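Asker:
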Amino acid sequence: MKMNKLAGILLFLLPGALAAQEDLNRKLDTYVDKFNSQDNEAVINKIDNKSSAAWMKENIPLFACPDSAIEEIYYFRWWSYRKHIKETPEGTIVTEFIEPVKHAARYNAISCALGHHIYEGRWLRNNDFLKEYVDFWLYHADKGESRPRFHQFSSWLPDALLAYHMVQDDEEYLASRLNDLDKDYLKWEEERQLPNGLFWQHDVKDGMEESVSGGRREENMRPTINSYMVANARALSKIAEMVGNDSLKRNYETKAERLATLLVDSLWDEKDSFFKTRVEKGKGLHPAREAIGFIPWSFHIVPDHRSYAEAWSQVIDTAGFKAPWGLTTAERREPTFRTRGSGHGCEWDGAIWPFASTQTLRGMANFLADYKRGNTITKDDFYEAVHQYAASHVMDGKPYIGEYQDERTGYWLKGDHPRSKFYNHSTFADVVIQDLIGFKPQLGNSFELKPLIPQDQWAYFTLQGVSYKDKVVDIYWDKNGSQYGKGKGLTVYVDGKRVAKSKKLKSLKVNLR
């Protein structure tokens, strides 16, 4: 249905708009030809390389901008994501590793990056497979297993499902899964909630083993799982409201408020102006700053006070998290930084992990777009971090995404190990769409644009064919009016009709009807 609607809209587009889309299709073909030529296609799942260009044209928003690194990696990451869509006897799933790994569940499924997969995949035009993927984890993954598979890793599934709904408008699916999501939240409380109300987690089950502050057996109160559970409770409250379950709505609203207050009060270090891990058995806060301290902003948990804003000064400090190749997972001044391994395991004690870069960038974007108090960072800082993230996707001069990197040289610390190739453990398109371009989905029939591109950074960009609530959104920025023939400035079209325009690259509220 969505494809037919898009085709119908295209019939009525002006010749100039059709030409612009043809240019984007040719650009996509060029990128895909390059990616295919560099790939031995050792593993083939649902969509093979020869079908990848057609699949991308049918599914992804088309994108162009003057930053060649960001543009190319945008297409590379969609091309890579497609490799991980896998049909199984228990529904379609999305894998994390392209090669089989020992710690995976059936069909090489791993729940660690489930939230990332949903946030990224929600922008695809045909993404019903995501519901099969969620159902695999809710109903099938733990059957016949000797240990839990879904709860093998922390999860922000309800939050991600609400984010999916805000783009795809699928209230029926969310309503039908509410009872099971409620049961799952209660299971997390049973397994991981302490008498003080906070949740604990082993660092390895956060997907962040050998961290500065934790350990594989240490039951620490981490900003990760506590942020996820606040976000999940908020999402469940919203879903309950949709279906008219007022008591469940109030229950989760209360849970979210209490846990958010506990997180801020218990994990904030006033002296170091940072959210930290509270170690078990009354030992207080671990002294080190880690990138997980930015995660509360990723879910809008932190109050809009100037004192908390000070934490973001660390993301632009070279003794903090700013390194030549990207954002580190622990502050560089930490005495035990990068001392826990040789690079052959998984060390989260400072090396760059795209999983964490994604979360930090989301928190950074939320802070810049939605918080009013504090001017510790700027749009230029954010743009530099996104560009750096894009530029880090390289090995031997070719586009690449792996597990983790040396912060000074960009060397992928697993080398060219086949298991790390096309590592689907983070987002990229979602960072470009929601954070850099600033497409902010809403629950109602609207969305906001809050661009974080510095005013004079790009002379143009376009994001075309965004599937949003069964409509098609096209966005153009043309500083001089010479790129797209739609006049100067920022222009938004919905189903081929212009609905918003600004001469400057600034925030816009867009109503769909």
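Letter by letter, the sequence shown follows residues 20 to 532 in my numbering.
Where a beta carbon is used, it is the ideal one built from N, C-alpha and C, also for glycine.
None of the values given here were measured: they were computed from a predicted structure.
Please state the DSSP three-state secondary structure of residue 298.
Answerer: Mapped onto the sequence shown, residue 298 falls at position 279. Reduced to three states, the DSSP call for residue 298 is coil.
Asker: Which class does residue 493 belong to by DSSP, given the choice of helix, strand or coil?
Answerer: The residue labelled residue 493 in the question sits at position 474 within the sequence shown. Three-state result, residue 493: strand.
Asker: With a threshold of 8 angstroms, are at least 3 pairs of Cβ atoms found where one atom belongs to the region 453-463 and the other to the region 388-405?
Answerer: The region 453-463 vs the region 388-405: in contact.
Asker: Which same chain residues end up closer than 7 angstroms to residue 119 when comparing Cβ atoms and leaving out the 5 residues on each side of it in sequence?
Answerer: The residue given as residue 119 occupies position 100 in the sequence shown. The residues are 127.
Asker: If we call anything under 9 angstroms between Cβ atoms a contact, is residue 449 one with residue 139?
Answerer: By one-based count along the sequence shown, residue 449 stands at place 430. By one-based count along the sequence shown, residue 139 stands at place 120. Yes; because the gap between Cβ atoms is below 9 angstroms, this pair is in contact.
Asker: Determine the direct distance from the alpha carbon of residue 339 to that of residue 141, and round the result to whole angstroms.
Answerer: For the purposes of this step, residue 141 is identified with residue 122 of the sequence shown, where counting begins at 1. For the purposes of this step, residue 339 is identified with residue 320 of the sequence shown, where counting begins at 1. So the alpha carbons of these two residues sit roughly 33 angstroms apart.
Asker: Within a Cβ cutoff of 6 angstroms, which residues of the same chain sit near residue 498, ignoring the five residues on either side of it in sequence?
Answerer: Taking the sequence shown and counting its residues from 1, one reaches residue 498 at position 479. Cβ neighbours of residue 498 beyond the five flanking positions: 478.
Asker: Could you give the distance in angstroms between the alpha-carbon of residue 316 and the alpha-carbon of residue 382?
Answerer: By one-based count along the sequence shown, residue 316 stands at place 297. By one-based count along the sequence shown, residue 382 stands at place 363. One C-alpha to the other measures close to 4 angstroms.
Asker: Could you tell me whether the Cβ atoms of residue 491 and residue 515 are closer together than 9 angstroms?
Answerer: For this step, residue 491 is matched to residue 472 along the sequence shown. For this step, residue 515 is matched to residue 496 along the sequence shown. Yes, the Cβ-Cβ distance between residue 491 and residue 515 is below 9 angstroms.
Asker: Let me make sure I understand the geometry here. Which of 228, 167, 216 and 238 has the alpha-carbon closest to that of residue 203?
Answerer: Position 184 of the sequence shown, counted from the first residue, corresponds to residue 203. Here the closest residue by C-alpha is 167.
Asker: Where are the beta strand (DSSP E) runs, 3 residues long or more, that stay fully inside the region 444-504, in chain order?
Answerer: Qualifying beta strand (DSSP E) stretches, in chain order: 458-460, 465-468, 479-487 and 490-497.
Asker: Looking only at its chain, what residues have a beta carbon closer than 8 angstroms to the beta carbon of residue 67, apart from the 5 residues adjacent to it on each side?
Answerer: For the purposes of this step, residue 67 is taken as the residue at position 48 of the sequence shown. Result list for residue 67: 60, in chain order.
Asker: Assign residue 101 to one of two classes, buried (16 or more other C-beta atoms within 10 Å of its C-beta) or exposed (fewer than that).
Answerer: Sequence index remark: in the sequence shown, residue 101 carries index 82 (1-based). Burial call: buried.
Asker: Okay, do the region 267-281 and the region 404-414 touch, 3+ Cβ pairs below 8 angstroms being the bar?
Answerer: No, because fewer than three Cβ pairs between the region 267-281 and the region 404-414 fall closer than 8 angstroms, the two stretches do not touch.
Asker: Start and end of the beta strand (DSSP E) containing residue 518?
Answerer: For the purposes of this step, residue 518 is taken as residue 499 along the sequence shown, with counting starting at 1. Element bounds for residue 518: 516-521.
Asker: Between residue 178 and residue 318, is the Cβ-Cβ spacing less than 9 angstroms?
Answerer: Residue numbering aside, residue 178 sits at position 159 when the sequence shown is read from its first letter. Residue numbering aside, residue 318 sits at position 299 when the sequence shown is read from its first letter. Their beta carbons are under 9 angstroms apart, which means residue 178 touches residue 318 by this criterion.
Asker: Tell me the residue span of the beta strand (DSSP E) that contains residue 551.
Answerer: With the chain covering only 20 through 532, there is no way to say anything about residue 551.
Asker: Secondary structure at residue 372, three-state DSSP: helix, strand or coil?
Answerer: In the sequence shown, residue 372 corresponds to position 353, counting from 1. Residue state, collapsed to three classes: coil.
Asker: Could you check whether residue 348 and residue 309 sit closer than 9 angstroms to each other, using their CB atoms as the reference points?
Answerer: Counted from its first residue, the sequence shown places residue 309 at position 290. Counted from its first residue, the sequence shown places residue 348 at position 329. Cβ atoms of residue 309 and residue 348: closer than 9 angstroms.
Asker: Spell out a yes or no on whether the region 500-508 and the region 99-113 are touching, meaning 3 or more CB-CB pairs, one atom from each, closer than 8 angstroms.
Answerer: These segments do not touch.
Asker: Determine the extent of the alpha helix (DSSP H) in which residue 231 is found, giving its start and end residues.
Answerer: Here residue 231 refers to the residue found at position 212 when the sequence shown is read from its first residue. Careful: residue 231 lies outside any alpha helix (DSSP H) and carries neither H nor E.
Asker: To the nearest angstrom, report how far apart residue 172 and residue 210 are at their CA atoms.
Answerer: In the sequence shown, the residue the question calls residue 172 occupies position 153. In the sequence shown, the residue the question calls residue 210 occupies position 191. Cα to Cα, the separation comes out at about 12 angstroms.
Asker: Would you say the region 253-263 touches the region 408-419, given that touching needs at least three Cβ pairs under 8 angstroms?
Answerer: Segments in contact, no.
Asker: Determine the direct distance from the alpha carbon of residue 300 to that of residue 143, and round the result to whole angstroms.
Answerer: Taking the first residue of the sequence shown as 1, we reach residue 143 at position 124. Taking the first residue of the sequence shown as 1, we reach residue 300 at position 281. The alpha-carbon atoms of residue 143 and residue 300 are separated by roughly 45 angstroms.
Asker: Roughly how many angstroms separate the alpha carbons of residue 522 and residue 511, rounded to a whole number?
Answerer: Translated into the one-based positions of the sequence shown, residue 522 becomes position 503. Translated into the one-based positions of the sequence shown, residue 511 becomes position 492. Cα to Cα, the separation comes out at about 12 angstroms.
Asker: So, using beta-carbon positions, are residue 367 and residue 276 closer together than 9 angstroms?
Answerer: Counted from its first residue, the sequence shown places residue 367 at position 348. Counted from its first residue, the sequence shown places residue 276 at position 257. Cβ distance not < 9 angstroms, so residue 367 and residue 276 don't count as in contact.
Asker: What does DSSP give as the partner residues of residue 353 in its beta bridges?
Answerer: Position 334 of the sequence shown, counted from the first residue, corresponds to residue 353. Residue 353 pairs with nothing; no bridge assigned.
Asker: Return the residue from the list 295, 291 and 290 that minimises the CA-CA distance to residue 281.
Answerer: Translated into positions along the sequence shown, residue 281 becomes position 262. Closest option to residue 281, Cα to Cα, is 295.
Asker: Is the beta carbon of residue 423 closer than 9 angstroms to that of residue 373?
Answerer: Residue numbering aside, residue 373 sits at position 354 when the sequence shown is read from its first letter. Residue numbering aside, residue 423 sits at position 404 when the sequence shown is read from its first letter. Contact: yes.
Asker: The beta strand (DSSP E) spanning residue 512 covers which residue range?
Answerer: Against the sequence shown, residue 512 aligns to sequence position 493. Here the beta strand (DSSP E) through residue 512 covers 508-513.
Asker: According to DSSP, is residue 531 helix, strand or coil?
Answerer: In the sequence shown, counting from the first residue as 1, residue 531 sits at position 512. Correct three-state label for residue 531: coil.
Asker: For a minimum of 4 consecutive residues, which ranges assigned as the alpha helix (DSSP H) are wholly contained in the region 170-239?
Answerer: Whole alpha helix (DSSP H) segments, 4+ residues: 176-187 and 190-211.
Asker: With 16 other CB atoms within 10 Å as the buried threshold, where does residue 440 fall?
Answerer: Taking the sequence shown and counting its residues from 1, one reaches residue 440 at position 421. Under this definition residue 440 is a buried residue.
Asker: Given residue 334, which residues of its chain have a CB within under 6 angstroms of its CB, disregarding the five upstream and five downstream residues?
Answerer: Stepping through the sequence shown from its first residue, residue 334 is reached at position 315. Same-chain partners within the cutoff: 340.
Asker: Could you spell out where the alpha helix (DSSP H) holding residue 405 opens and where it closes?
Answerer: To locate residue 405, count along the sequence shown from 1; it is residue 386. Counting along the chain, the alpha helix (DSSP H) containing residue 405 begins and ends at 398-410.
Asker: In chain order, what residues of the same chain have a beta carbon less than 6 angstroms from the beta carbon of residue 332, not counting five sequence neighbours either side?
Answerer: The sequence position of residue 332 within the sequence shown is 313, counting from 1. Once the five neighbours on either side are set aside, the close Cβ partners of residue 332 are 395.
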